[in-house]
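Novice: As numbered in this note's numbering, the sequence shown has no gaps in its residue numbers, which increase by one up to the final residue, 323.
Just so you know, even glycine gets a beta-carbon here, dropped at the ideal spot from N, CA and C.
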Amino acid sequence: MNKPLFECKNITKKYHDGSAQISVLNQLNLTLSAAENVAIVGSSGSGKSSLLHIMGTLDAPTEGQILFKGQDIHQLSERKQALFRNQNLGFVYQFHHLLGEFNALENVVMPLLIAKQPLKQAEQQAKAMLERVGLSHRLKHKPSELSGGERQRVAIARALVHQPDIVLADEPTGNLDAENAAAVFDLILQLKNELSTCFVFVTHDLNLANKMDRQLKLKQGLLFELNAEVVEHD
Ligand SMILES: Nc1ncnc2c1ncn2[C@@H]1O[C@H](COP(=O)(O)OP(=O)(O)O)[C@@H](O)[C@H]1O
Ligand SMILES: [Mg+2]
């Protein structure tokens, strides 16, 4: 059997709110294989973003382990965690989180420059990725000069340009109208197949969720495996 790419082991997350404690994740387990794509659904406040932040080392679990190729990434130093994110992870958020003062090309080049790639090579790679998401005519546009769908395409190009093993997408189509959401989602599916990247895709849209390999529902701090039929009638 293939070694798992990514494992969440007994993840618990509690937040402190004054003297009160909110328990969001409760001994949660998840195993992902390379190139697998998974949808996570769940009501607002169920902990989907908390889980993605913990998987991406942007926040620490209260208890439990996150293993990437067998290594506990929360045991790494902050510097090594940053390196891990830069080399192996891509993030896409509901709101694009692009840098407003930089154009599309500069935004997509950024992770490659952080990874110390030479500028010329980084620009070529970023241009190719922007072309792949259908934006070769928008390289010099700043985020404020792009439509919502175009901004998300830039954000996807930025998340994928360094060919990460895993992309964490937190409601990437949640802020788009139905037509743009479907187009952006189709693009994600195509890229996923081309690049053999593992995608974890949080969405409220059950039709989109059903197009992924696996559907999981986050409820009461745990993930439940759903088959396509159950999701449809949920
Ligand atoms: N930094 C925080 N401090 C305290 N509570 C938080 C924090 N982040 C999230 N929460 C709470 O944890 C719960 C889950 O939030 P979140 O992970 O954002 O859910 P979802 O993404 O599924 O909507 C919510 O009740 C939210 O209010
Ligand atoms: Mg959320």
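1. Can you name the residues that DSSP bridges to L117?
2. Measure the CB-CB distance between L305 and I155 and report whether it falls below 7 angstroms.
3. Can you give the Cα-Cα distance for K308 and L265, rounded to whole angstroms?
4. Measure the C-alpha to C-alpha separation of E96 and M144 and round it to an integer number of angstroms.
5. Which partner residues of V289 appear in the DSSP bridge assignment?
6. For my contact list, R227 and E239 are in at a C-beta cut-off of 8 angstroms; report their separation, rounded to the angstrom.
7. Roughly how many whole angstroms lie between the Cα atoms of T262 and S122?
8. Do you know how far the Cα of F173 is from the Cα of K324?
9. Nearest to L194 by alpha carbon, out of A248, T286 and V291?
10. Suppose you measure from the CA of K92 to the CA of H230; what does that come to, to the nearest Å?
11. One question on the structure: do A211 and L219 come within less than 7 angstroms of each other, judged by their Cβ atoms?
12. Mapping the DSSP letters down to three states, classify S112 as helix, strand or coil.
13. How about G153 and I111: are their beta carbons less than 7 angstroms apart?
14. With distances taken from CA atoms, which of K209, V273 and D254 is nearest G237?
15. Following a CB-centred definition, is S86 positioned closer than 6 angstroms to any heavy atom of ligand 2?
16. By Cβ distance, which residues of its chain are closer than 6 angstroms to E125, with the 5 residues on each side in sequence left out?
17. Any heavy atom of ligand 1 closer than 6 angstroms to the Cβ of S133?
18. Rounded to the nearest angstrom, what separates Q170 and T151 at their Cα positions?
19. Taking 7 angstroms as the cut-off, decide whether the C-beta atoms of S139 and V113 are in contact.
20. Pick helix, strand or coil for V243, following the three-state DSSP scheme.
Specialist: In short, the structure shows the following:
1. I100
2. no
3. 25 angstroms
4. 9 angstroms
5. V127 and L257
6. 6 angstroms
7. 24 angstroms
8. Past the edges of the chain, shown from 90 to 323, lies residue 324, and the structure says nothing about it.
9. A248
10. 42 angstroms
11. no
12. strand
13. no
14. V273
15. One cannot answer for residue 86 here, as it falls past the ends of the chain, which runs 90 to 323.
16. C287 and D302
17. yes
18. 17 angstroms
19. yes
20. helix
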